[in-house]
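Laid out in structure tokens, this is it:
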């Protein structure tokens, strides 16, 4: 799960980078300063720190910025995939982590992407936004998406713990991660505190402090996803984080239709909102209508 | 894979329903007419046909529309999950199908969602759009997302075929599905034709007819995702379809940064864009900067 969260953190940072370079036209030296600044606030973390370092590094051979010469074909050792497989087994949704794993898979078919890029247009529009606003919105969207991603990872741990009787203390896990690992970050202290206040918290988003943080940044996340969507910058992990929030907080999802369809073609039955029990309808019998 | 595609089809239809009922304020009787109309065009399919039937069905007990009394808690027999697991094993990205599986998982924790709905606000905005435009944009977005979802499913079959030496004839598979199954649809004839023209097609999106269809509907998909994002209607499968397109058609993804990070913290090495070979940088050595 640690590595799944790490994949998501890295993918969210990559998408923030893409927004700033593609919509905001920021060059690596500016990006280095931006990430360095971000590392002083709520995003303070090992990954943001090294990202700032990376953008500042010059390529000794060409004199350009080294990051611009690195091939966008990301490898994986399979640990992110294991996290997704565990989540599938347990029936827990971790869409931001899945999006990160899928993004690495798509990055790896570089030759096919180069071929496709000559044939498939974006049909995106030029979006106009002041650079300072874009940087600030991207910062807030990244922080919000990061919380939503950790909420998914912790929900997976909580389910694994109850399913397999592990009695995990999630606050201690956050404290251990903070001690030293790739996802070490100031933010883990907030998570530790949330579980200290309520060890049986069902989802991180229901902790008052987390709810407050997410709610103050949610408009930024909506704005960034909308901007990227219009302009054609792919932001699968940002989107998945936002959809997770919107699905989690929605009392009535449209999957009543899904249940009706399943009952129609497979007699899988359905439940009702107004009384207990299991029901089946003879949908194709026109006489009953 | 058939069932994975079926999950995605059903989830995309559910999201279109949610957009029309939540943003467009459409009631089941109108929705029945809309889907019935859609079933005469490019979306003609068994699932769209039964969706129209479902919306028209009255509940004999209450006199209301039956769909409004069905609980939004969708079951699954595990076949969609198997598709996602196969894709993970083969390293193929099928994000729209994953989003459909995740959506069923989130639908199943109804009690938790009801609790969360009282605590988590949407911070979405009221979006203003004429009903006829919304219906037409939703139709085009649904068709576009459907093509993008089938492209993912067929890419998975192609990879499985080459990896395990199955010599699958993908056009024949489309023709068999068209013959009779839950995803039977007019659109499968287009797929059959695409593989008849080019049996070794790498991705459905590269077939000229498919490219044309997607490109003519892509603006609608961007518009609908942006509208839903702003208003707080969760559209994970629509988002995942659009992100898939945007990642697939992008020559230079931001995962050059991911590779730099992996090389920084784990010495995983990277490739360069300007010459062959495998490289490593001593990132943390400040002297070299």
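Residue numbers (this note's numbering), protein chains in the order written: chain L, 1 to 289; chain X, 1001 to 1289. Heads up, the beta-carbon is just placed ideally off N, CA and C, and yes, glycines get one too.
Practice task
Could you tell me which chain L residues have their CB closer than 7 Å to the CB of residue 1162 (chain X), listed as they occur along the chain?
Solution key: Per Cβ cutoff of 7 Å: no residues; residue 1162 (chain X) is ~13 Å from chain L at best.
Handout entry: Min CB distance residue 195 (chain L) to chain X below 8 Å
Key = It does not: the Cβ of residue 195 (chain L) has no partner Cβ on chain X nearer than 8 Å.
Handout entry: Counted within 10 angstroms of its Cβ, other Cβ atoms place residue 1072 (chain X) as buried (16 or more) or exposed
Key = Looking at its Cβ environment, which holds 16 or more other Cβ atoms inside 10 Å, residue 1072 (chain X) is buried.
Exercise for the section: Check the DSSP bridge columns for residue 272 (chain L) and list the partner residues they point to. Expected result: Residue 272 (chain L) is bridged to X:1070.
Exercise for the section: Would you mind telling me which residues of chain L sit closer than 9 Å to residue 1235 (chain X), beta carbon to beta carbon, in chain order? Expected result: Correct list: 239, 243 and 246.
Practice task
Write down every uninterrupted run of the alpha helix (DSSP H) in the stretch 1054–1128 of chain X whose length is 4 residues or greater and which is fully enclosed by it, in chain order.
Solution key: The stretch 1054–1128 of chain X contains these whole alpha helix (DSSP H) runs: 1079–1090, 1095–1108 and 1110–1117.
Exercise for the section: Please list the partners that residue 1039 (chain X) has in chain L, where partner means a Cβ-to-Cβ separation under 9 Å. Expected result: Neighbours of residue 1039 (chain X) in chain L, taken as residues at a C-beta separation under 9 Å, are lacking, since the least C-beta distance is about 14 Å.
Problem - 8 Å Cβ shell around residue 1062 (chain X) - same chain, five flanking residues per side excluded - result: These residues qualify, in order along the chain: 1069.
Practice task
Kindly confirm or deny that the stretch 1153–1161 of chain X and the stretch 1010–1020 of chain X touch, where touching means at least three C-beta pairs closer than 8 Å.
Solution key: No: fewer than three Cβ pairs fall under 8 Å.
Problem - Same chain, Cβ closer than 6 Å to residue 95 (chain L), five either side skipped, listed in chain order - result: Answer for residue 95 (chain L): 240 and 244, listed in chain order.
Problem - Amino acids of chain L, ordered along the chain, whose beta-carbon sits closer than 7 Å to that of residue 1010 (chain X) - result: The answer, in chain order, is 258 and 261.
Problem - CB contact below 8 Å: residue 1127 (chain X) versus chain L - result: Closer than 8 Å to the CB of residue 1127 (chain X) there is not a single CB belonging to chain L.
Exercise for the section: Work out the CA separation of residue 1104 (chain X) and residue 1226 (chain X) for me, nearest whole Å. Expected result: Computed Cα separation, rounded: 23 Å.
Handout entry: Contact set between residue 230 (chain L) and chain X, taken where Cβ atoms lie within less than 7 Å
Key = Residues of chain X with a Cβ closer than 7 Å to the Cβ of residue 230 (chain L) are, in chain order, 1222 and 1226.
Handout entry: residue 1095 (chain X) at chain L interface by Cβ criterion, 8 Å
Key = The beta carbon of residue 1095 (chain X) falls within 8 Å of a beta carbon belonging to chain L, placing the residue at that interface.
Exercise for the section: Determine, using beta carbons only, whether residue 1254 (chain X) comes closer than 8 Å to chain L. Expected result: Interface residue, yes.
Handout entry: Bridge partners - residue 45 (chain L), DSSP secondary structure assignment
Key = Partner(s): L:185.
Exercise for the section: Run the CB neighbour count on residue 89 (chain L), radius 10 Å, all protein chains shown included, and call it buried at 16 or more, exposed below. Expected result: Looking at its Cβ environment, which holds fewer than 16 other Cβ atoms inside 10 Å, residue 89 (chain L) is exposed.
Exercise for the section: Report the neighbours of residue 1268 (chain X) on chain L: residues whose CB is nearer than 9 Å to its CB, in chain order. Expected result: Here the neighbours are 75 and 77.
Handout entry: Beta-carbon proximity check, residue 1205 (chain X) vs residue 1143 (chain X), cutoff 8 Å
Key = One thing to note: residue 1205 (chain X) has its Cβ no nearer than 8 Å to the Cβ of residue 1143 (chain X).
Problem - Own chain residues within Cβ distance below 6 Å of residue 1057 (chain X), not counting five before or after - result: Apart from the 5 residues on each side of it in sequence, residue 1057 (chain X) sits with its Cβ closer than 6 Å to the Cβ of 1066 in its chain, given in chain order.
Practice task
Check each residue of the stretch 1093–1117 of chain X: if its Cβ is closer than 8 Å to any Cβ of chain L, include it; give the result in chain order.
Solution key: Those would be 1093, 1094, 1095, 1098, 1099, 1101, 1102, 1103, 1104, 1105, 1106, 1107, 1108, 1112, 1113, 1114, 1115, 1116 and 1117, in chain order.
Practice task
Spell out whether any CB of chain X is found under 8 Å from the CB atom of residue 250 (chain L).
Solution key: The C-beta of residue 250 (chain L) comes closer than 8 Å to at least one C-beta of chain X.
Exercise for the section: Count the other CB atoms, across all protein chains shown, that sit within 10 Å of the CB of residue 289 (chain L); report buried if there are 16 or more and exposed otherwise. Expected result: Residue placement at residue 289 (chain L) is poorly supported in this model, since its pLDDT is 41, which falls under 50; the coordinates still yield a value, given next. Around the beta carbon of residue 289 (chain L), a 10 Å sphere encloses fewer than 16 other beta carbons of the protein chains shown; the residue is thus reported as exposed.
Handout entry: Buried or exposed by the 16-neighbour rule on C-beta atoms within 10 Å, applied to residue 1281 (chain X)
Key = The residue is buried, with at least 16 neighbouring Cβ atoms inside 10 Å.
Problem - Beta-carbon proximity check, residue 50 (chain L) vs residue 1261 (chain X), cutoff 8 Å - result: Yes, they are a contact pair.
Practice task
Check whether the stretch 1097–1115 of chain X touches the stretch 1130–1138 of chain X, counting contact only when three or more Cβ pairs, one atom from each stretch, lie closer than 8 Å.
Solution key: The way I'd put it, the stretch 1097–1115 of chain X doesn't touch the stretch 1130–1138 of chain X; fewer than three beta-carbon pairs between them come closer than 8 Å.
Handout entry: Cβ contact (3+ pairs, closer than 8 Å) linking the stretch 182–197 of chain L and the stretch 108–122 of chain L
Key = No: the two stretches stay apart, fewer than three of their Cβ pairs being nearer than 8 Å.
Exercise for the section: Mind checking the stretch 16–38 of chain L against chain X and listing, in chain order, the residues whose C-beta falls within less than 7 Å of any C-beta there? Expected result: For the stretch 16–38 of chain L, which is checked against every Cβ of chain X, the residues closer than 7 Å are 17 and 18.
Problem - Alpha carbon of residue 21 (chain L) to alpha carbon of residue 52 (chain L), nearest angstrom - result: Their Cα atoms are separated by approximately 14 Å.
Exercise for the section: Just the chain X side, please: which residues come within less than 8 Å of residue 283 (chain L) by C-beta, in chain order? Expected result: The answer, in chain order, is 1050, 1053, 1054 and 1057.
Exercise for the section: Could you tell me which of X:1191, X:1232 and X:1251 sits nearest to residue 253 (chain L), measuring between CA atoms? Expected result: Here the closest residue by C-alpha is X:1232.
Exercise for the section: In the DSSP assignment, find the alpha helix (DSSP H) that holds residue 170 (chain L) and state where it starts and stops. Expected result: Run containing residue 170 (chain L): 170–179, per the alpha helix (DSSP H) assignment.
Exercise for the section: Kindly say whether residue 66 (chain L), judged by its beta-carbon, lies nearer than 8 Å to any beta-carbon of chain X. Expected result: Taking a beta-carbon distance threshold of 8 Å, residue 66 (chain L) counts as an interface residue toward chain X.
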